[in-house]
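Colleague: Using this note's numbering, the final residue of the sequence shown is 1023, and nothing's skipped along the way.
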Amino acid sequence: MVNGLESASKSLTLNEKKIGSLVNNLANLNSTGYKRELPFEQIMNSNGENTIRKNMLDFTQGDLIQTDNPLDLAINGDAFFVIAAEDGDMQFTKNGKFTVSDEGFLVDNLGNKVMGQSGEIQLLEDFWQKDRTVSISTNGEIFVGKNFIDKLKIVAVEEKADLIRCGNNNYKVSNGYFEDLEEDQFKIAQGYLENSNVNPIIEMEEMIRISKEYESAQKMIQYIDEIMARANEIGTI
C-alpha cells in the first residue's frame, strides 16, 4: 500500500515537471531561436533507468522567417552566434535579431555585443555615416558598402547536454568547450530569423495526455488514503 502511494506521488511530481516544460514551450512558440524542452520520457536510457537531467533541449532547427531587415540573421546549420555578455562570459545563441548600438557595435536586443573573428564587431562610424548599406555574406563576412568590417564568429557545441540556458534564448557551455566552424559548415541567411521549433499541436496533445496521467495519479492517492483511513478505523475498534 505504501509502495503504491509512493509510486503515485512520484508520478505526480514527474508530471508536474512535464507540464511545466510544455507550458514553457507554448509560451515561447514565437520566440526567435527558442529550443523546446524535451518530454522527460524521451531522455531515459535504453535500460529504462532514470537519466533525467534538467533543461534537456531539442536543438532541431526551426523554420526561417523572412523579415528583410538586414541586421536580422539566421544560421542554416548546427551552429551558434557568439555573444559577449556583460559579465564577460561568452554566450551562444540562435537568436539573430541584432541591431547597432549608438557606438556602432553590432548588439543583441539586450545590448550585448556580437562577436566576430577579430573581437567585438563595430561598424565604423565613418563607414556607417557614408553608406548605411550593410551586407552579410553566407559565410558571415560583414560589409558596410564595399568596406569589409569583420567576419561573424560561428561556433558549434558537440555535446548539447552541456548547454545551459542563461536567458534571452542564450546558452553557456558548462565545460567551456566549443569549436569554431569552417565556412563550409554553415550558411548565414541575411534578412531572416530562425523561429522557435515548437509545434503547438504536438505540445497540446502531450499536455492532454499528461493531464490525464496526473488526474489518475491524484485519484490513486485519494483511493489509497481512503483505504488507509478505513484500516486505521478498524484497528481502533
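The C-beta atom is built at its ideal place from N, Cα and C for all residues, glycine as well. Keep in mind it's a predicted model, so treat the numbers as computed, not measured.
1) Tell me the rounded alpha-carbon separation between Leu-892 and Thr-885.
2) Can you tell me whether Lys-958 is helix, strand or coil according to DSSP?
3) Taking Lys-899 as part of the beta strand (DSSP E), name the residues at either end of that continuous run.
4) With a cut-off of 8 angstroms on the beta carbons, I'd call Val-730 and Asp-970 a contact; round off their distance for me.
5) Excluding sequence positions up to five away, which residues of its chain have a Cβ less than 6 angstroms from the Cβ of Gln-828?
6) With H, G and I counted as helix, E and B as strand and the rest as coil, what does DSSP make of Lys-946?
7) Tell me the DSSP secondary structure of Ile-883 in three-state form.
8) Would the beta-carbon of Leu-979 fall within 8 angstroms of that of Thr-853?
9) Quick check on the DSSP output: the beta strand (DSSP E) that includes Glu-968 runs from which residue to which?
10) Based on the DSSP secondary-structure assignment, which residues constitute the bridge partners of Gly-905?
11) Can you tell me whether DSSP reads Met-993 as helix, strand or coil?
12) For Ile-763, which option in Lys-958, Asp-849, Leu-910 and Asp-858 has the closest C-alpha, if you only look at C-alpha atoms?
13) Would you kindly work out how many angstroms separate the C-alpha atoms of Leu-949 and Gly-962, rounded to a whole number?
14) Could you please give me the residues that DSSP links to Glu-980 through a beta bridge?
15) At the level of alpha carbons, what is the spacing between Asp-873 and Lys-998?
16) How far does the beta strand (DSSP E) with Ser-817 in it extend, from its first residue to its last?
17) Hey, how far is the Cα of Leu-986 from the Cα of Asn-955?
18) Does Leu-859 come out as helix, strand or coil in the three-state DSSP assignment?
19) Can you check DSSP and say which residues form a bridge with Met-842?
20) Helix, strand or coil for Asn-895 per DSSP?
21) Leaving out five residues before and five after Asn-855 in sequence, what residues of the same chain have Cβ atoms less than 7 angstroms from its Cβ?
22) Going by the CB atoms, is the gap between Gly-890 and Lys-939 shorter than 8 angstroms?
Modeller: For this structure:
1) Here residue 892 refers to the residue found at position 106 when the sequence shown is read from its first residue. Here residue 885 refers to the residue found at position 99 when the sequence shown is read from its first residue. Leu-892 and Thr-885: Cα-Cα distance of roughly 6 angstroms.
2) As a working mapping, residue 958 is identified with position 172 in the sequence shown. Reduced to three states, the DSSP call for Lys-958 is strand.
3) On the sequence shown, position 113 is the one that residue 899 refers to. Taken as a continuous stretch (DSSP letters only), the beta strand (DSSP E) holding Lys-899 covers 899-902.
4) The chain is shown from 787 up to 1023; residue 730 falls before or after that span and cannot be answered.
5) As a first step, residue 828 must be located in the sequence shown, where it is residue number 42. A caution first: Gln-828 carries a pLDDT of 49, below 50, which makes its placement in the model unreliable, though a value can still be read off. Setting aside the 5 residues that flank it on each side, Gln-828 has no residue in the same chain whose C-beta is closer than 6 angstroms to its C-beta.
6) Numbered from its first residue, the sequence shown carries residue 946 at position 160. Here Lys-946 sits in helix by DSSP.
7) As a working note, residue 883 is residue 97 in the sequence shown. Note that residue 883 corresponds to Lys in the displayed sequence, not to Ile. Correct three-state label for Lys-883: strand.
8) Locating residue 979 in the sequence shown gives position 193, where the first residue counts as 1. Locating residue 853 in the sequence shown gives position 67, where the first residue counts as 1. Yes; because the gap between Cβ atoms is below 8 angstroms, this pair is in contact.
9) Within the sequence shown, residue 968 is the residue found at index 182, counting from 1. For Glu-968, no beta strand (DSSP E) segment is defined, and its DSSP state is neither H nor E.
10) By 1-based counting over the sequence shown, the position of residue 905 is 119. DSSP lists Gly-902 as partners of Gly-905.
11) Numbered from its first residue, the sequence shown carries residue 993 at position 207. Helix at Met-993.
12) An answer regarding residue 763 cannot be provided, because it is not within the stretch 787 to 1023 covered by the chain.
13) Numbered from 1 along the sequence shown, position 163 holds the residue referred to as residue 949. Numbered from 1 along the sequence shown, position 176 holds the residue referred to as residue 962. Rounded to whole angstroms, Leu-949 to Gly-962 spans 9 angstroms at the Cα level.
14) Indexing the sequence shown from 1 puts residue 980 at position 194. Glu-980 is bridged to Leu-850.
15) The residue given as residue 873 occupies position 87 in the sequence shown. The residue given as residue 998 occupies position 212 in the sequence shown. Computed Cα separation, rounded: 44 angstroms.
16) One-based indexing of the sequence shown puts residue 817 at position 31. Annotation for Ser-817: no beta strand (DSSP E) segment contains it, and DSSP assigns it neither H nor E.
17) To locate residue 986, count along the sequence shown from 1; it is residue 200. To locate residue 955, count along the sequence shown from 1; it is residue 169. The question names Leu, but residue 986 is Pro in the sequence shown. In this structure, the CA atom of Pro-986 is about 19 angstroms from the CA atom of Asn-955.
18) Position 73 of the sequence shown, counted from the start, is the residue given in the question as residue 859. Assigned with DSSP and collapsed to three states, Leu-859 falls in strand.
19) Here residue 842 is taken as the residue at index 56 of the sequence shown, counted from 1. Per DSSP, Met-842 has no beta-bridge partner at all.
20) Residue mapping note: residue 895 aligns to position 109 of the sequence shown, counting from 1. Correct three-state label for Asn-895: coil.
21) Within the sequence shown, residue 855 is the residue found at index 69, counting from 1. Residues of the same chain with a CB within less than 7 angstroms of the CB of Asn-855, apart from the 5 flanking positions on each side, are Gly-977 in chain order.
22) The residue labelled residue 939 in the question sits at position 153 within the sequence shown. The residue labelled residue 890 in the question sits at position 104 within the sequence shown. Contact flag unset, no.
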